[in-house]
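> So that we are looking at the same thing, I have put the structure below in structure tokens.
Residue numbers (our numbering): 1473 to 2240.
Structure below.
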């Protein structure tokens, strides 16, 4: 069922899920002809648009759902919003309902519990079909079929399987050029490629040039059911009356042919052909061991294929597993792509409620993968597990209440049996946290707050102490993980209100910090606060990159970070000890750092009611754009912005879910925000080289490769290749739209690809 949160925005008459008979079926017919028939046909039997007479409502089955789709459109499809009076929309719904005898709730005989036993047992349905995340993949997922179809239609489907299989499930036999013979279902195809799932549920990605013969079978693969009348009633009752979430996920055995285990992710560098996690590895290096593309040949790099997202300002970093690329779009739409051609294998679209846009950004940064499941966090603050082979929903769990202003934009982090997520909470009088969920069941395992809670001595760093309860500390970027010490590192954002520190005196722990956590319990091992009592919105959510090195003659496990406050830090990641800190970008707020890493704040730099001019601006000396560490050159690469701003303070009341910034920052437009890519020696903090850019970016990140390159991007749409040792520009490509993501690299058929999202499009490049 859809979350109840969809409905508060709708008229009370719709909450019962019924359209009043007074809406007028005849009026609805006339309005349909005027507004809808051009796409759906005069009698709603389909044309450019879908057939609306079947009762199969893919985007919601209640009257409220259908009305909303008419009035607001369906994102990612050709269905636009119609600016109709609500009464006219209800009339159209009434006419559509009349096509199927009203579509009212029907009486269903049979025992759903007995039907469940049959479905997953002797009837054999689950051998091909999923329901509630359990079952096979060769047939359609039946989790929502009870809402789409009447009992009579289900009975016909079961006893008289259709002549034509559903799209994506056509049975075929293919013979490859090398003589191999494969039988299965065609999941998708175009002129140049074909994606098939064989009878053992293994995915095959073919170029049509590699196929000698394709024999299609136009009958449904489903056999007629051999059930008694009572058994048939029971199965139908199960499909009609059972919520998919009632099935449960107590056991899970990943596919033998597609299993991204914890050990595989831990040893990601041993699979340079793949990109298994958001940062490329647990250490957050955003580095590829591939070296086919080099400074000598990068000038020959050519565009290979592109993929259009349903939305703009894409911030996704794809993951790639064994020839399949998994991407997410701004509104939690997602797809699996053939990484060689870009052709979709499956698509997933989530229907979102009206979230608090003032408390978040309307985007999604990517998937995590574990086993044969993908994990996506959503704008309505859910964590969703999808089947990687089909896009079917396995489970969907609520992380927080989006109606309070919570949201999630990050890519989750998959550990051993756990999925870790953070939350947005920085600008709307909320408190941030880090959560762990069981990868099998979706059950929450632990929660660690990023503002000091009652009973924690650190709560004394908030005055009054109650200000911690609305004190921000958003955890909105993906963390990193040290498998050797079994430590999770997660960074936190600004305290709230952002610019008014007078309402929250003290250091405001644990905001603007890095937290070292136990993945098993969430217990805090240590913390380091980069910006105590932040009043400039300098989130510390930049990547905590994990490297090993000899620091001042001693072998150490290090954590390095280029922080939004314009300082570069080196910490001992086993203890949290501060080792080094130097500015890497222009700043005017601190004299430097003391021997404990605490900023020596200059006077007259806190915001005032009339304004104080400080550098950097609120976007910081850098931001969430991926940095990169190259183990060959031992250089740390970071994007730089050098803007300044006038910061003002204003005391405002706190109301969870409403903006709670306590002032503002006015960027210095005359100065602008020039940018750069800088190479830093992580053991000394010295800048080795700097490549200037016309504009700096908060979001366009970096990728370094074993081929001796750094791939950078700018907000004006250029993908740029730099020499990793010198910073010299070697190649660039104009994508035509703002880039707000970071490049990745993967290999297919002995060819190295570079992929990056720009505006609404994913671009890929390779050598000829």
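Every residue gets a Cβ at the ideal spot worked out from N, C-alpha and C, and that includes glycine. It should be emphasised that the depicted structure is a prediction, and the values quoted were computed from it without experimental measurement.
Give a yes or no on whether the C-beta atoms belonging to residue 2176 and residue 2102 are separated by under 8 Å.
yes
> Report all residues from its chain with a CB closer than 7 Å to the CB of residue 2002; omit the five preceding and five following residues, and keep chain order.
Residues 1984, 1985, 2012, 2035, 2037, 2041 of the same chain have their beta carbon placed closer than 7 Å to that of residue 2002, with the five preceding and five following residues left out of the count.
> Which of the three DSSP states, helix, strand or coil, is assigned to residue 1645?
Strand.
> Output the residue ranges of the beta strand (DSSP E) runs that lie fully inside the stretch 2052 to 2083 and measure 3 residues or longer, sorted by chain position.
Unbroken beta strand (DSSP E) runs of no fewer than 3 residues, entirely contained in the stretch 2052 to 2083, are found at 2062 to 2065, 2071 to 2073, following chain order.
> Under the DSSP definition of a beta bridge, which residues are partnered with residue 1602?
1607
> Under 8 Å: do the stretch 2078 to 2088 and the stretch 2117 to 2136 share three or more Cβ pairs, one atom per stretch?
With contact defined as three or more Cβ pairs closer than 8 Å, the stretch 2078 to 2088 and the stretch 2117 to 2136 are in contact.
> What do you get for residue 1695, buried or exposed, if any count of 16 or more other CB atoms within 10 angstroms of its CB means buried?
Residue 1695 counts as exposed, since fewer than 16 other beta carbons sit within 10 angstroms of its beta carbon.
> Do you know offhand how far residue 2271's Cα is from residue 1689's?
Examination of residue 2271 is not possible in this model, given that the chain is present from 1473 through 2240 alone.
> Below 7 Å CB to CB, which residues in the same chain sit around residue 1833 once its five sequence neighbours on both sides are set aside?
1881
> Would you mind reading off the limits of the alpha helix (DSSP H) that contains residue 2163?
That residue, residue 2163, is in no alpha helix (DSSP H); its beta strand (DSSP E) goes 2159 to 2165.
> Quick check: the Cα distance between residue 1493 and residue 1750, rounded to an integer number of angstroms?
A caution first: residue 1493 carries a pLDDT of 42, below 50, which makes its placement in the model unreliable, though a value can still be read off. Near 52 Å, if we compare the C-alpha coordinates of residue 1750 and residue 1493.
> Check whether the Cβ atoms of residue 1885 and residue 1959 lie closer than 8 Å to each other.
Taking a C-beta distance under 8 Å as the contact criterion, residue 1885 and residue 1959 do not qualify as a contact pair.
> How is the beta strand (DSSP E) around residue 1592 delimited, first residue to last?
Taken as a continuous stretch (DSSP letters only), residue 1592 belongs to no beta strand (DSSP E), as it is neither H nor E.
> What residue does the beta strand (DSSP E) around residue 2023 start on, and which one ends it?
2017 to 2023
> Per DSSP, residue 2192 forms a beta bridge with which residues?
2184, 2204
> Which residues in the same chain as residue 1850 place their Cβ atom closer than 7 Å to its Cβ, once the five residues preceding and following it in sequence are excluded?
1804, 1822, 1856, 1880
> Nearest-angstrom Cα distance between residue 2066 and residue 2072?
7 Å
> Report yes if the C-beta distance between residue 1508 and residue 1519 is below 8 Å; otherwise report no.
no
> Looking at residue 1841 and residue 1891, is the spacing between their C-beta atoms short of 8 Å?
No, the pair does not count as a contact, with Cβ atoms beyond the cut-off.
> Any idea if residue 2091 is buried or exposed, counting beta-carbon neighbours within 10 angstroms, 16 or more meaning buried?
Answer is buried; the Cβ neighbour count reaches 16.
> May I ask you to report which of helix, strand or coil DSSP gives residue 1560?
helix
> Pick helix, strand or coil for residue 1761, following the three-state DSSP scheme.
coil
> Is it right to say residue 2074 is buried, meaning 16 or more other beta carbons lie within 10 angstroms of its own, or is it exposed?
exposed
> Can you have a look at residue 1637 and say buried or exposed, based on whether 16 or more other CB atoms are within 10 angstroms of its CB?
A residue is called buried when at least 16 other Cβ atoms come within 10 angstroms of its Cβ; residue 1637 meets this threshold and is buried.
> Consult DSSP for residue 1774 and reduce its assignment to one of helix, strand or coil.
Under the three-state reduction of DSSP output, residue 1774 falls in the strand class.
> Report the rounded CA-to-CA distance for residue 2083 versus residue 2140, giving the unit in angstroms.
12 Å
> What did DSSP end up calling residue 2094 once you bin it into helix, strand or coil?
coil
> Please name the residue in 2234, 1656, 1935 whose C-alpha comes closest to that of residue 1816.
2234
> Considering only DSSP beta bridges, list what residue 1935 is partnered with.
1977
> Measuring alpha carbon to alpha carbon, tell me which residue in 1956, 2230, 1867, 2086 is nearest residue 1724.
1867
> Just how far apart, CA to CA, sit residue 1943 and residue 1906?
15 Å
> Who are the Cβ neighbours of residue 1853 in its own chain at under 6 Å, not counting the five residues just before and after it?
Counting only Cβ-Cβ distances below 6 Å, and skipping sequence neighbours, we find 1871, 1872, 1874, 1878, 1879, 1880.
> Near residue 1513, what residues of its chain come up, given a Cβ to Cβ distance below 6 Å and the 5 sequence neighbours on each side ignored?
1519
> Thinking residue 2028 and residue 2009 are a contact (beta carbons under 8 Å), I'd like their distance in whole angstroms, please.
Actually they do not touch by this definition, with Cβ atoms about 32 Å apart.
> Since residue 2189 and residue 2208 are thought to touch, with beta carbons under 8 Å apart, how far apart are those beta carbons, to the nearest angstrom?
6 Å
> Does the beta-carbon of residue 1748 have 16 or more other beta-carbons within 10 angstroms, so that it is buried, or is it exposed?
buried
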